[in-house]
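Going down the list, the sequences are from chains F and B.
Numbered according to this note's numbering, the first sequence spans residues 1 to 333.
Numbered according to this note's numbering, the second sequence spans residues 1 to 316.
A short write-up of the structure that comes next.
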Amino acid sequence: MSDDKLLVVKDLTTTFATAGGDLTAVAKVSFDLERNETLGIVGESGSGKTVLSRTIMGLQPRVNTTVTGSSIIDGFEVVGASENDKRTIWGTEVAMVFQDPMTSLNPVMRIGKQIDEALRVRLGMNRKDAKARAIELLELVGIPSPAQRYNAYPGQLSGGMRQRVVIAIALACSPKLLMADEPTTGLDVTIQAQILNLLDELKERLKMSVILVTHDLGVVATRTSRIVVMYAGRIVETGTTRDVFYHHRMPYTRALLESSPKVSNKSHTRLVTIPGRPPNLLDLSPGCSFAPRCKYATGQCHSERPELRPSIEPGHAFACWNPLPVNAEATLP
Amino acid sequence: MLRYLTKRLMLLVGIVFVISVGSFYLIHLLPGNPATVILGFGATPEAKAILYKQLGLSKPIYLQYFVWLGNILHGNLGISFISQTTVSSVIRSALPIDGEIIIISQILAFAAAIPTAMRSARKPDGIVDRVLGATSFTLLSIPPYILIVVLVLFISIKLGVSATGPSAYVSFGTDWITNLESLSLPAFTLATGSFVVYYRVLRSDLIATLQEEFITMARSKGLSQRRIMWRHAFRPSSVALLGAASVNIGGLLAAGFIVQYLLQIPGLGYTLILAINSSDFLVVQGIVLTVSVLVVAVNFFFDFIINIVDPRISRE
């Protein structure tokens, strides 16, 4: 089984050269993904989720960016591969659903053409077949009267419809791995569930693996088998969805869970917030990045960085010097 | 789109009206009787009296305008008292030369600006971008009347290509090769100025567009760099380019006038300057009117093209 992992990420590190110095947005991230599995990557804004998901498929900015470590998608080493080589897996092996459907579609190109293009360039389809397939894809993602919508410009569609188009483009060349980077953040709450259910359904139908990147734990709770919690570019806790929700050891995971609004709360309950703000990645302390905001922090937390270490459940690991006790009472969203 | 263009067209009709009033009033602004202005100082009293009646100069000025406008709309711009031919025939023979120079210069400018801007935008502040940036800046600081003199000095005189020199103009119908040769230096001169503007505008818009999320999206589809540049980045970046071209062409007419005068190419500019020098005011009026209407028409044409390139504009 271990030979057949779809994705193996090892010590993946992404560094941007900025005017203020080198900024490490993703540091030594390692995890892997089985076929037909859904993995959640959670963390607050600026925790490096988006950069990580782009780096995994080699889509990081082409200038002022250094990537080390390894990311192997179905046997293809992405790190260090040339743009031309990466192009051979983009679309067909791995595809991405972008965060904001308002900016991720070309505003002056008909949506049908944006789907066609992938089919014609990557799969070598002719114009007629590509059009037929594009209409099929639009239908697959639940766009009504797809043949007419084929000729629409993105500006003529609503946000939810646009995100469906973005998904259709990502699915065009039947990728084995779909990266969904906050696929519902830019959408209305009512549309969010629709899009997430659609992704779930498509994953089963098309036998894909999905990496669901989000800041919203409610989104990953029922849809993922495993979760990676990120903070300041590092994995701070990882395990099965159940372990992360019920048996988490890292105070940051607890804080993240506590800050999710819960249906069971009385109305007008104040939302729990995490004091302070994410650290400046240009000026990281030698210790745990979460220490300045953590109520359990000790001297060691400020001076020495904790590495990921296993908890009692298989596959469950956390990075903390003063972890919460095993089977700590967990509050669930 | 149709509604947007109708709105633009109405605006342009308004502008053309203002231009026509201005052109009409030009003759009345000059000191002395309009009949004298039109016929020149050597005109006989009889001729003046006839013209006086023709133009209805005894009537109120707004009626005079309508008489004048009626004549214009029938293509009657009056008679040049120098050449004793109709002003419209003077314009008809001069205008194609301006058209030819401008069209050639624009083809050259776009052909040079688009690939270089693409190349620059791919790696901003890279070595190629810096060299192109410095070159374009140098070109920008050379005015056309200096450039044309330098070109004539080197190409026509030093290299001895006399067909490109002053007074070498041959009409397209007579010998099209010599015609192109005789217009090559003016076209090149105008192309240089346009190239700099187009290169810079397109470069900066391309750089902005390449930051957009949909470009990353296009990358993630596995499209080639070349395809991303041409199919995804170029079109949304070309609106400002077309706007610049639309404004620039008005300026080109003026720059063309100077170059034509220096090389004695009988286009509108050369004709206009001669007419001013000889106080041939109906020719001046006719050319001013023609050029203004042309600039307005070119603007409308570019509005139309911009709308096709970026359908968001008429939707907003």
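Cβ coordinates follow ideal geometry from the N, Cα and C atoms, glycine included.
Quick caveat, the model's predicted, so the values are computed rather than measured.
query                                                                                                                                                                                         : result
For the segment 79 to 93 of chain F, list every residue whose C-beta sits within 9 Å of some C-beta in chain B, in sequence order.                                                            : Glu83, Asn84, Lys86, Arg87, Thr88, Ile89, Trp90, Gly91, Thr92
Between the C-alpha atoms of B:Gln211 and B:Ala218, what's the straight-line distance to the nearest angstrom?                                                                                : 12 Å
Residues in the segment 204 to 226 of chain B with C-beta within 9 Å of chain F's C-beta atoms, listed in sequence order?                                                                     : Glu212, Glu213, Phe214, Ile215, Thr216, Met217, Ala218, Arg219, Ser220, Lys221, Gly222, Leu223, Ser224, Gln225
Given a limit of 9 Å on CB to CB distance, which residues of the segment 133 to 144 of chain F reach chain B?                                                                                 : none
Excluding the 5 residues preceding and the 5 following F:Thr331 in the sequence, name in chain order all residues of the same chain whose CB lies nearer than 7 Å to its CB.                  : Its pLDDT being 49, under 50, F:Thr331 is placed unreliably in this model, and the value from its coordinates should be taken loosely. Cβ neighbours of F:Thr331 beyond the five flanking positions: Leu257, Glu258.
Taking the alpha-carbon of F:Glu204 as reference, which of F:Thr66, F:Leu178, F:Asn106 has the nearest alpha-carbon?                                                                          : F:Leu178
Which residue or residues does DSSP assign as beta-bridge partners of B:Tyr169?                                                                                                               : Paired residue(s): none; B:Tyr169 is not in a bridge.
So which residues of chain B does F:Asp116 contact, with C-beta pairs closer than 8 Å?                                                                                                        : Within chain B, no residue comes near F:Asp116; the closest Cβ sits about 11 Å away, beyond 8 Å.
Roughly how many angstroms separate the alpha carbons of B:Leu63 and B:Asn248, rounded to a whole number?                                                                                     : 36 Å
Can you find a CB in chain B that lies within less than 8 Å of the CB of F:Ile169?                                                                                                            : yes
Name the chain F residues that come within less than 9 Å of B:Arg119, Cβ to Cβ?                                                                                                               : Per Cβ cutoff of 9 Å: no residues; B:Arg119 is ~15 Å from chain F at best.
For a contact defined as C-beta to C-beta under 9 Å, what are the partners of B:Arg235 on chain F?                                                                                            : Asn106, Val108, Met109
With a 10 Å radius around its C-beta and 16 neighbouring C-beta atoms as the bar for buried, classify F:Trp90 as buried or exposed.                                                           : buried
For the candidate residues B:Val149, B:Ser167, B:Ile306, B:Asp280, whose alpha-carbon lies nearest to that of B:Ser238?                                                                       : B:Ile306
Under 7 Å Cβ-Cβ, which residues of chain B neighbour F:Met96?                                                                                                                                 : Ser220
Is the Cβ-Cβ distance between B:Ile287 and B:Ile91 less than 8 Å?                                                                                                                             : yes
Would you kindly check if the distance between the Cβ of F:Val97 and the Cβ of F:His215 is under 8 Å?                                                                                         : no
Measure how close the beta-carbons of F:Leu39 and F:Ile211 come, nearest whole angstrom, since I'm counting them as under 8 Å.                                                                : 5 Å
Using 8 Å as the threshold, is the C-beta distance between B:Leu268 and B:Ala94 below it?                                                                                                     : yes
Which residues in the same chain have their Cβ closer than 7 Å to the Cβ of B:Ser318, if we skip the five residues on either side of it in sequence?                                          : With chain B covering only 1 through 316, there is no way to say anything about residue 318 of chain B.
Here's a check: name, in chain order, each residue in its chain whose Cβ is nearer than 8 Å to the Cβ of B:Pro144, leaving out the five neighbours to either side.                            : Thr189, Leu190, Thr192, Gly193, Ala255, Ile258, Val259
Excluding sequence positions up to five away, which residues of its chain have a Cβ less than 6 Å from the Cβ of B:Ala43?                                                                     : none
In angstroms with no decimal places, state the Cα-to-Cα distance between B:Ser141 and B:Val37.                                                                                                : 40 Å
Taking the beta strand (DSSP E) that F:Met179 falls in, what are its first and last residues?                                                                                                 : 177 to 181
Identify, in the order they occur along the chain, each residue of the same chain with its Cβ nearer than 7 Å to the Cβ of B:Ala240, setting aside the five sequence neighbours on each side. : Val201, Asp205
In the DSSP assignment, what are the bridge partners of B:Ile308?                                                                                                                             : Bridge partners of B:Ile308: none, in fact.
Whose C-alpha, out of F:Leu199, F:Lys266, F:Ala255, F:Lys262, is nearest the C-alpha of F:Gly276?                                                                                             : F:Ala255
Based on the DSSP secondary-structure assignment, which residues constitute the bridge partners of F:Ile72?                                                                                   : F:Val8, F:Glu77
Bridge partners of F:Met96, per DSSP?                                                                                                                                                         : F:Met179
Quick one: grab the DSSP three-state call for F:Glu237.                                                                                                                                       : strand
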